[in-house]
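Under this note's numbering, the first residue of the sequence shown is numbered 1, with each subsequent residue one higher. For glycine and all other residues, C-beta sits at the position ideal for the given N, C-alpha and C. Notes for the one structure printed next.
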Amino acid sequence: MILSPTELAALLERIRAARALLLITHVSPDSDAIGSLLGLTHALRQPGRTVIPACSDPLHDRFQLLPGHDEVVSQTTAPVDLAIALDCGDEGRLGSVWADRPAPKPFLINIDHHVTNTRFGQLNWIDSTSASTAELVLELIDQLGATITPDIATCLLYGVVGDTLGFRTPNTTPQVLQHAQRLMETGASLNDSMQDQFNRRPLALICVWGKALSRVKIKDRIVYAAISKADRDACGLGGAGDISLSSFLISANEADRAAVLVEKDDGQIDLSLRAKPGFDVSRAALALGGGGHPLAAGATLAGPLTEAVRRVLAALKQYT
Numbered sequence: 001m002i003l004s005p006t007e008l009a010a011l012l013e014r015i016r017a018a019r020a021l022l023l024i025t026h027v028s029p030d031s032d033a034i035g036s037l038l039g040l041t042h043a044l045r046q047p048g049r050t051v052i053p054a055c056s057d058p059l060h061d062r063f064q065l066l067p068g069h070d071e072v073v074s075q076t077t078a079p080v081d082l083a084i085a086l087d088c089g090d091e092g093r094l095g096s097v098w099a100d101r102p103a104p105k106p107f108l109i110n111i112d113h114h115v116t117n118t119r120f121g122q123l124n125w126i127d128s129t130s131a132s133t134a135e136l137v138l139e140l141i142d143q144l145g146a147t148i149t150p151d152i153a154t155c156l157l158y159g160v161v162g163d164t165l166g167f168r169t170p171n172t173t174p175q176v177l178q179h180a181q182r183l184m185e186t187g188a189s190l191n192d193s194m195q196d197q198f199n200r201r202p203l204a205l206i207c208v209w210g211k212a213l214s215r216v217k218i219k220d221r222i223v224y225a226a227i228s229k230a231d232r233d234a235c236g237l238g239g240a241g242d243i244s245l246s247s248f249l250i251s252a253n254e255a256d257r258a259a260v261l262v263e264k265d266d267g268q269i270d271l272s273l274r275a276k277p278g279f280d281v282s283r284a285a286l287a288l289g290g291g292g293h294p295l296a297a298g299a300t301l302a303g304p305l306t307e308a309v310r311r312v313l314a315a316l317k318q319y320t
């Protein structure tokens, strides 16, 4: 939990009193981000209450498995009583949906599991021992006394599976498996979640992988690849993000750390970092303006792509 009884009571009171809520997850969203966002959205909706799920970046097609994926907005000026940030290590990760919101901004609750979280909310529930933010959302729903429906279970299991890479990360504890079992017993399909996240990819993504892998490099046991907007355009792949390639690159026997840099449409660079046990890429990510976990971290960098690569390699050499 890692919340005092007083903090927990204040958090629950804020949520119960709110009649209009804005839930926001981070740019370049991953499975835990969207699973947590939609799971909590379903749980908080009730007659007389409005809940708006938001993400500044467009959602990948793979999130279509999740109930409510088509309700996520990238911008909203609707008045709300309360905002909840989910799976965001720092305020900048909320993106334009929060940055462009006119003052006065609503009270902000920050719920996250990243060790580098900057505690940017007025109320912060940060538990870096949790394998996923989805599990914190599950605990919050229990504390609120809400019922876990099949839709909620589907979204939360998707988040747990994604952030543990299918229960393969070192933080996959017996408690994580117990949470997954409970969500499965409530109606979530583990097979659907695993297949969707690890065994299904659009051809455009495979094309981009091919371009990146043909240019992959290794230096000082750091394996890295850079993907330009031209690469994505040539393959017909929209959006941005690490496109799951960093988790593949870290499997190289010759590497201890992996980096994937993806140029976004606006010229900024999405960075995804991975490490093998015994190394900590979160410190390098923090130095670059991002954050995350020892074995998985990320950041958003200024372009151009070649300069971003240079900065990333320097940071990894210095901080890992």
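Buried versus exposed, by CB contacts within 10 Å (16 or more), residue i
i, result
"ALA153", "buried"
"ILE352", "In the structure as shown, the chain begins at 1 and stops at 320. Residue 352 is therefore absent and cannot be evaluated."
"SER214", "exposed"
"LEU203", "exposed"
"GLU13", "exposed"
"ALA234", "exposed"
"ARG310", "exposed"
"LEU183", "buried"
"ASP57", "buried"
"GLU263", "buried"
"THR77", "exposed"
"GLU307", "exposed"
"THR6", "exposed"
"GLN251", "Residue 251 is actually Ser in this sequence, not Gln. Flag for SER251 reads exposed."
"ASN253", "exposed"
"ARG93", "buried"
"THR173", "exposed"
Bridge partners - residue i, DSSP secondary structure assignment
i, result
"ARG279", "The amino acid at residue 279 is misidentified as Arg; the sequence shows Phe. Answer is none; PHE279 lacks a bridge partner."
"ASP270", "VAL262, THR300"
"TRP125", "ILE111"
"LYS219", "ILE222"
"VAL73", "ALA54"
"LEU21", "VAL51, LEU82"
"GLY210", "Bridge partners of GLY210: none, in fact."
"ILE227", "VAL262"
"ARG257", "ILE222, ALA275"
"GLY291", "GLY298"
C-beta contact flag for residue i and residue j at 9 angstroms
i, j, result
"ASP87", "ALA131", "no"
"ILE222", "LEU245", "no"
"ALA33", "THR25", "yes"
"ARG62", "ARG168", "no"
"LEU21", "ASP81", "yes"
"GLY89", "VAL27", "no"
"THR186", "THR149", "yes"
"VAL312", "LEU261", "yes"
"LEU288", "LEU301", "yes"
"LEU65", "ASP151", "no"
"LEU37", "PRO29", "yes"
"ALA259", "SER282", "no"
"SER31", "VAL161", "yes"
"PRO53", "VAL72", "yes"
"GLY291", "ASN171", "no"
Assumed close pair residue i, residue j - CB separation to whole angstroms, cut-off 8 angstroms
i, j, result
"PRO294", "ALA275", "7 angstroms"
"LEU190", "ALA180", "7 angstroms"
"LEU140", "LEU156", "No, LEU140 and LEU156 are not in contact; Cβ-Cβ is about 11 angstroms, not under 8 angstroms."
"ASN110", "ARG119", "7 angstroms"
Selected residue, minimal CA-CA separation from residue i, among the options
i, options, result
"HIS114", "LEU108, ASP270, THR133", "THR133"
"PRO304", "ASP265, ALA296, GLN75, THR320", "ASP265"
"LEU8", "GLN122, ASP57, ASP196, LEU316", "GLN122"
"GLN143", "LEU11, LEU286, GLN318, THR169", "LEU11"
"GLY238", "LYS219, HIS60, GLU307, ALA296", "HIS60"
"ARG45", "GLN64, ASP270, SER272, ALA146", "ALA146"
"GLY278", "ASN191, VAL262, ALA297, ASP256", "ASP256"
"THR50", "LEU3, GLY68, PRO79, SER56", "PRO79"
"VAL208", "ALA225, MET194, SER193, LEU23", "ALA225"
"ARG232", "ILE84, ILE206, LEU286", "ILE206"
"GLN268", "VAL72, ALA299, SER247", "ALA299"
"LEU177", "GLU135, ALA103, GLY236, CYS55", "GLU135"
"GLU91", "LEU108, ALA103, PRO104", "LEU108"
"MET194", "ARG93, LYS229, TYR158, THR173", "TYR158"
"PRO67", "HIS42, ILE84, LYS219, THR173", "HIS42"
"LEU23", "ASP192, GLY35, ALA83, TRP98", "ALA83"
"ALA351", "ALA230, PRO106, PHE198, SER4", "Because residue 351 is not part of the residues shown, which for the chain are 1 to 320, the question remains open."
"PHE198", "LYS105, ASP220, PHE248", "PHE248"
"ILE2", "PRO104, ASN124, LYS105", "ASN124"
"THR320", "ALA85, ASP280, ALA285", "ASP280"
"ASP220", "GLN318, ASP270, GLY236, GLY210", "GLN318"
Min CB distance residue i to chain B below 9 angstroms
i, result
"ARG215", "In the displayed structure, chain B is absent; only one protein chain is listed."
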